[in-house]
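What follows is a single structure, written as structure tokens, with notes after it.
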Amino acid sequence: MAIELVKKYLPYVDELFTQESKKSLLTNNNFSFDGAQSVKIYKVNTAEMSDYGRSGPTGSNWSRYGALKSLDATTETATLTKDRSFTFVIDKLDEDQTGGQLAGATALARQQREVIIPEIDNYVYGVMAAGAGTKPAAVKLTATNIYDEIIKASAALDDALVPEEDRVLTVTPQIYLLMKKSKDIVMETEIGADMRKKGVIANLDGAAVLKIAASRLPEDFGFMLSHKSACCAPTRLEAYNMHQDPPGVSGTLVEGRVVYDAYIFENKKMGIYYQENSAS
Numbered sequence: 001m002a003i004e005l006v007k008k009y010l011p012y013v014d015e016l017f018t019q020e021s022k023k024s025l026l027t028n029n030n031f032s033f034d035g036a037q038s039v040k041i042y043k044v045n046t047a048e049m050s051d052y053g054r055s056g057p058t059g060s061n062w063s064r065y066g067a068l069k070s071l072d073a074t075t076e077t078a079t080l081t082k083d084r085s086f087t088f089v090i091d092k093l094d095e096d097q098t099g100g101q102l103a104g105a106t107a108l109a110r111q112q113r114e115v116i117i118p119e120i121d122n123y124v125y126g127v128m129a130a131g132a133g134t135k136p137a138a139v140k141l142t143a144t145n146i147y148d149e150i151i152k153a154s155a156a157l158d159d160a161l162v163p164e165e166d167r168v169l170t171v172t173p174q175i176y177l178l179m180k181k182s183k184d185i186v187m188e189t190e191i192g193a194d195m196r197k198k199g200v201i202a203n204l205d206g207a208a209v210l211k212i213a214a215s216r217l218p219e220d221f222g223f224m225l226s227h228k229s230a231c232c233a234p235t236r237l238e239a240y241n242m243h244q245d246p247p248g249v250s251g252t253l254v255e256g257r258v259v260y261d262a263y264i265f266e267n268k269k270m271g272i273y274y275q276e277n278s279a280s
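Each residue of the sequence shown is one higher than the one before, starting from 1 at the first, in UniProt numbering.
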């Protein structure tokens, strides 16, 4: 006797694992692009010190304070270059016959988690690594040498007069494993709950340790020690629209547009130290 067994569809979706963006801990949004495609930032130089002519001007100087020189005021330009978009359609009958699992709102949220956030993160971290003021030759990082390399990075930022507060050490899970194995590293793990929610897992020599998935970082990423002021990463526009039954479509038309970019200004680049991890 043949028996046809019941097949049951559950109202759940096997979602991919995702990770929220942590770039706000590494970057700033100090410059407003409201109403503009580009912004200009001034760079102003300084005057040299000289010996005061107490008995009168010296040499060809007419002032006892020294030679008069004008200060230069040059500009750097930051232009928004990443203007990205997407669109998709959810047929009305498809949504109905999948138990609502193809609903427009949930599909849009999935698009943000799985596509938009990873793309922006990849771009911003790539800009930071490429524009770092200090980029030594690639090194094969091990549990034995990892602390020495991190100390070199810290010393480089110290010598560049980068503030000690608001420094962030970005590592991949694999590099974090090396740090845990290193007998030289003692990390402070008493981190507040609010910082842990943002992704900070420890503190090392005053720098917040941030672990980011390797898929979000440049290839052969070792570690990056940076100051929050070094990179400006604005998201100028995030516009998402859901149109119900627009002309030519029976269902939901979803559209989205995101305008973003990342900049490292000349006088701030020494606030980033990037160490590539050699494969051999």
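Just so it is clear, CB atoms sit at the ideal spot from N, CA and C, and this is done for glycine as well.
{"Asked": "Starting from Ser85, follow the beta strand (DSSP E) in both directions and report where the run begins and ends.", "Found": "82 to 91"}
{"Asked": "Would you call Met49 buried or exposed, if buried means 16 or more other Cβ atoms sit within 10 Å of its Cβ?", "Found": "exposed"}
{"Asked": "Measuring alpha carbon to alpha carbon, tell me which residue in Glu219, Arg113, Met270 is nearest Ala279.", "Found": "Glu219"}
{"Asked": "Looking at Leu204 and Leu177, is the spacing between their C-beta atoms short of 9 Å?", "Found": "no"}
{"Asked": "Hey, would you say Leu26 sits closer than 9 Å to Ser154, going by beta carbons?", "Found": "no"}
{"Asked": "Nearest by alpha-carbon distance to Ala230: which of Ala130, Arg64, Asp245, Thr98 is it?", "Found": "Ala130"}
{"Asked": "Count the other CB atoms, across all protein chains shown, that sit within 10 Å of the CB of Asp261; report buried if there are 16 or more and exposed otherwise.", "Found": "buried"}
{"Asked": "In terms of residue numbering, what span does the alpha helix (DSSP H) encompassing Arg196 cover?", "Found": "193 to 198"}
{"Asked": "Give me, in chain order, the residues of the same chain whose beta-carbon lies closer than 7 Å to that of residue 300; leave out the 5 immediate sequence neighbours on both sides.", "Found": "As displayed, the chain neither begins before 1 nor continues past 280, which places residue 300 out of reach and without an answer."}
{"Asked": "Which partner residues of Ala239 appear in the DSSP bridge assignment?", "Found": "Arg257"}
{"Asked": "Looking at the unbroken beta strand (DSSP E) that takes in Thr77, where does it start and where does it end?", "Found": "73 to 79"}
{"Asked": "Are the Cβ atoms of Thr172 and Ile146 separated by less than 9 Å?", "Found": "no"}
{"Asked": "Between the Cα of Pro247 and those of Lys140, Val89, Ile116, spot the shortest distance and give me the residue it belongs to.", "Found": "Val89"}
{"Asked": "Mind checking who Thr252 pairs with in its DSSP beta bridge?", "Found": "Ile90, Gln244"}
{"Asked": "Report, in whole angstroms, the separation of the C-beta atoms of Thr87 and Val209, which I expect to be a contact under 8 Å.", "Found": "That pair is no contact at about 39 Å."}
{"Asked": "Where DSSP assigns a beta bridge to Val171, which residues make up the other side?", "Found": "Lys211, Phe223"}
{"Asked": "Is the distance from the Cβ of Leu157 to the Cβ of Tyr273 below 9 Å?", "Found": "yes"}
{"Asked": "Alpha carbons only, please: which of Thr98, Lys198, Ser70, Ala207 is nearest the one belonging to Met187?", "Found": "Ala207"}
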